[in-house]
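Asker: Pasting in a structure now, in structure tokens, and then I'll have a few things to ask.
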Amino acid sequence: MTATAPVPLEPVDERTFVRMIRYALATGGERMHFRPGFRPLQQGIGPDRELRHRQLTGEDTLQLAGYFLDRAKVPARLSESECDAAQALYLFYELEGEALIEAQMQPTHGGISLHIDLIRPMPHPAEIELVES
61 MTATAPVPLE PVDERTFVRM IRYALATGGE RMHFRPGFRP LQQGIGPDRE
111 LRHRQLTGED TLQLAGYFLD RAKVPARLSE SECDAAQALY LFYELEGEAL
161 IEAQMQPTHG GISLHIDLIR PMPHPAEIEL VES
């Protein structure tokens, strides 16, 4: 009997990442944490809960950070500036019409830790008036 080599884990793909965010939005999530060695964690309504996903690796969190860095925008006033200084990057990921996701990243043992806030769109003003009346 011959042993087969273990199949290497693939980093979290963007489709899976978006599914995690949509799950959090549907279940009252407000903040999510992605750290190497842990399962993704959701905070919001009710107790904190781990998502049904494997423990993340350092490659997973680097891949997740890449999704935000790919969309990082430099404000127009800074990108057109003649100043040769560092420019601020705003780390937002948008699910159009569903949520704006803001990330904070920190170096941690084994990779990068991501803490993301889920920002839902404001309701239409007419809907607010209906509720208030």
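Numbering (my numbering), first residue to last: 61 to 193.
Just so it is clear, CB atoms sit at the ideal spot from N, CA and C, and this is done for glycine as well.
Since this is a predicted model, take the numbers as computed values, not measurements.
1) Rank Gly126, Gln123, Arg131, Tyr83 by C-alpha distance to the C-alpha of Glu110 and give the top, closest one.
2) Going by beta carbon distance, what residues of the same chain come within less than 8 Å of Ser173, once the five residues before and after it are set aside?
3) Whole angstroms are fine: how far does the CA of Arg112 sit from the CA of Met156?
4) Thinking C-alpha only, which one of Ile179, Gly171, Leu178 is nearest Thr117?
5) Compute the Euclidean distance between the alpha carbons of Ile161 and Ala65, then round it to the nearest angstrom.
6) What does a CB cutoff of less than 8 Å around Pro100 pick up in its chain, not counting 5 residues either side in sequence?
7) Would Tyr127 and Glu74 be called neighbours here (beta carbons separated by less than 8 Å)?
8) Based on the DSSP secondary-structure assignment, which residues constitute the bridge partners of Phe152?
9) Going by DSSP in three states, Met99 sits in which element: helix, strand or coil?
10) Straight-line CA distance for Glu119 to Pro181?
11) Run the CB neighbour count on Ala150, radius 10 Å, all protein chains shown included, and call it buried at 16 or more, exposed below.
12) If distances are taken between C-alpha atoms only, which option among Asp177, Pro68, Ala163 comes closest to Ala132?
Answerer: The answer reads as follows:
1) What you label residue 110 is simply residue 50 of the sequence shown in a count that begins at 1. It is Tyr83.
2) Within the sequence shown, residue 173 is the residue found at index 113, counting from 1. Cβ within range, chain order: His93, Phe94, Arg95, Pro96, Thr121, Met165, Gln166, Pro167.
3) Here residue 156 corresponds to residue number 96 of the sequence shown, with the count starting at 1. Here residue 112 corresponds to residue number 52 of the sequence shown, with the count starting at 1. The sequence shown places Glu at residue 156, rather than the Met named in the question. Roughly 25 Å between the two C-alpha positions.
4) Looking up residue 117 in the sequence shown gives position 57. For the residues Ile179, Gly171, Leu178, the minimum Cα distance to Thr117 belongs to Gly171.
5) Translated into the one-based positions of the sequence shown, residue 161 becomes position 101. Translated into the one-based positions of the sequence shown, residue 65 becomes position 5. Their Cα atoms are separated by approximately 38 Å.
6) By 1-based counting over the sequence shown, the position of residue 100 is 40. The answer, listed in chain order, is Met80, Met92, His93, Phe94, Glu110, Leu111, His113, Leu116.
7) On the sequence shown, residue 127 is found 67 positions in, with the first residue counted as 1. On the sequence shown, residue 74 is found 14 positions in, with the first residue counted as 1. Against a cut-off of 8 Å, the Cβ pair of Glu74 and Tyr127 comes out as a contact.
8) Counting from 1 along the sequence shown, the entry for residue 152 is found at position 92. Beta-bridge pairing links Phe152 to Glu162.
9) Walking along the sequence shown from the start, residue 99 turns up at place 39. At residue 99 the sequence reads Arg, which differs from the Met that was named. Coil.
10) Taking the sequence shown and counting its residues from 1, the one referred to as residue 119 is at position 59. Taking the sequence shown and counting its residues from 1, the one referred to as residue 181 is at position 121. Approximately 31 Å, taken between the alpha carbons.
11) Mapped onto the sequence shown, residue 150 falls at position 90. As written in the sequence, residue 150 is Tyr, which differs from the Ala given in the question. Burial call: exposed.
12) Your numbering for residue 132 matches position 72 in the sequence shown. Looking at the Cα atoms, Ala163 is the closest of the given residues.
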